[in-house]
Amino acid sequence: MFNSLTFRNDIDLTRSRLAALTGCPAPGRHRIRTETDDGGPDPPTPQGKEDQGPTRWVPDALRQARIDPGHRVAIVLCVLALLVVVGFAAHMVFGRPTPELVPPLPAAQTTVPSSAVRPVAQQDERMVVSVVGRVHRPGLLTLREGARVAEALDAAGGLLPDTDTTGLNLARKLADGEQVHVGIPVPGGMAADGGVLAADGPTGETTGKINLNTASVQQLDELPGVGPVTAQRIVDRRTRNGPFRNVEQLREVEGIGETRLARLRELVTV
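According to the UniProt record's numbering, the sequence shown is numbered sequentially starting from 1.
Right, dumping it as structure tokens:
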């Protein structure tokens, strides 16, 4: 009996030492008694052996406590979590900055001078006139629309010395296709500037005729029954088809019929 008691004490001592080293309670502390056990009480476990380990620093009151939040606390936690989720979603949807559209800049207004907005047709209008006689460079000249006799003489190189310009109206506007005679006799009863030569007849009336091939629009407009539109058509026909060969060719001009031609036969010539 002494030997079995000594053996059991050695086992318990070994288990206590293992528990102290590992920090865990000694396994098999309440073991089943062996047949050799005499039924006596187990030797007392050394004080503090079973409390050694990581939990030995925790107070006994906290070590024995059990956390039970209860239904009310669980509901409050769920509500708080739901509010957090809803608030985060609302921030993501409504908290984003709204882009502001930049208003378009007003279009710059440029003021164009009135002289620069003239129609192209007016800027490019040109006319051709013929200058013959006592000038340095007689011949065809290209001038701007509405040029005057003085401009035509300058474009022709100017007058020759001792040229008489008494019969020239230097301020008169020229028409396209017109011929200007400078210092020489003018055929067809026309003055040097395209006007009608006056001659005193028995009644003292003017007997000169307007030359259809040299008269300007303004001169043709002075004829009875011929307005500015018809006068321009006469000049256009002369420019397009060449000089008139006879007065009867006025019938080719739109707006001149037999009645009007009969009135013009005594007033025009070629």
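Yeah, the Cβ is synthetic: ideal placement off N, Cα and C, and Gly gets one too.
As the structure is a computational prediction, the values presented were derived from the model and not from experiment.
Report task. Identify which residue in R237, A171, R15 has its Cα closest to the Cα of G146. Result -> Within the sequence shown, residue 146 is the residue found at index 146, counting from 1. Of R237, A171, R15, the residue nearest in Cα terms is A171.
Report task. Give the secondary structure of V129 by DSSP, where H, G and I count as helix, E and B as strand, and everything else as coil. Result -> Reading the sequence shown from its first residue, position 129 is the one you call residue 129. Three-state DSSP puts V129 in a strand.
Query raised in the report: Just to confirm, are L160 and V131 a CB contact at a threshold of 9 Å?
Result: Residue mapping note: residue 160 aligns to position 160 of the sequence shown, counting from 1. Residue mapping note: residue 131 aligns to position 131 of the sequence shown, counting from 1. No, the Cβ-Cβ distance between L160 and V131 is not below 9 Å.
**Report entry** Three-way DSSP call (helix, strand, coil) for T14 in this model
**Finding:** Counted from its first residue, the sequence shown places residue 14 at position 14. It is helical.
Query raised in the report: Can you give the Cα-Cα distance for A262 and G157, rounded to whole angstroms?
Result: The residue you call residue 262 lines up with position 262 of the sequence shown. The residue you call residue 157 lines up with position 157 of the sequence shown. If I take the Cα positions, the gap works out to 42 Å.
Query - Straight-line gap, E178 to T214 (C-alpha atoms, nearest Å) - result: Taking the first residue of the sequence shown as 1, we reach residue 178 at position 178. Taking the first residue of the sequence shown as 1, we reach residue 214 at position 214. The alpha-carbon atoms of E178 and T214 are separated by roughly 5 Å.
Requested in this report: Report the three-state DSSP secondary structure of L101 (helix, strand or coil).
Outcome: The residue labelled residue 101 in the question sits at position 101 within the sequence shown. Coil.
Query - Of the residues V73, R245, L212, P243, the one placed nearest T230, counting alpha carbons only - result: Sequence index remark: in the sequence shown, residue 230 carries index 230 (1-based). Closest option to T230, Cα to Cα, is L212.
Query raised in the report: Under a Cβ-count criterion, where at least 16 other Cβ atoms within 10 Å of its own Cβ denotes burial, should R238 be classed as buried or exposed?
Result: On the sequence shown, position 238 is the one that residue 238 refers to. By the neighbour-count rule (16 or more Cβ atoms within 10 Å), R238 is buried.
Query raised in the report: Taking just the CA atoms, how far does L250 sit from V268?
Result: Stepping through the sequence shown from its first residue, residue 268 is reached at position 268. Stepping through the sequence shown from its first residue, residue 250 is reached at position 250. Those two C-alpha atoms are separated by around 10 Å.
Query raised in the report: When you compare only the Cα positions, how much space is there between G227 and L220?
Result: In the sequence shown, the residue the question calls residue 227 occupies position 227. In the sequence shown, the residue the question calls residue 220 occupies position 220. Cα to Cα, G227 sits roughly 8 Å from L220.
Requested in this report: Output the distance between the C-alpha atoms of T142 and V128, rounded to the nearest integer angstrom.
Outcome: For this step, residue 142 is matched to residue 142 along the sequence shown. For this step, residue 128 is matched to residue 128 along the sequence shown. So the two alpha carbons sit approximately 5 Å from each other.
Requested in this report: Output the boundary residues of the alpha helix (DSSP H) element that contains V229.
Outcome: Counting from one through the sequence shown, the residue named residue 229 turns up at place 229. 228 to 241 is the span of the alpha helix (DSSP H), which, as asked, contains V229.
Requested in this report: Output the distance between the C-alpha atoms of T165 and E252, rounded to the nearest integer angstrom.
Outcome: Taking the sequence shown and counting its residues from 1, the one referred to as residue 165 is at position 165. Taking the sequence shown and counting its residues from 1, the one referred to as residue 252 is at position 252. Distance between the alpha carbons of T165 and E252: 36 Å.
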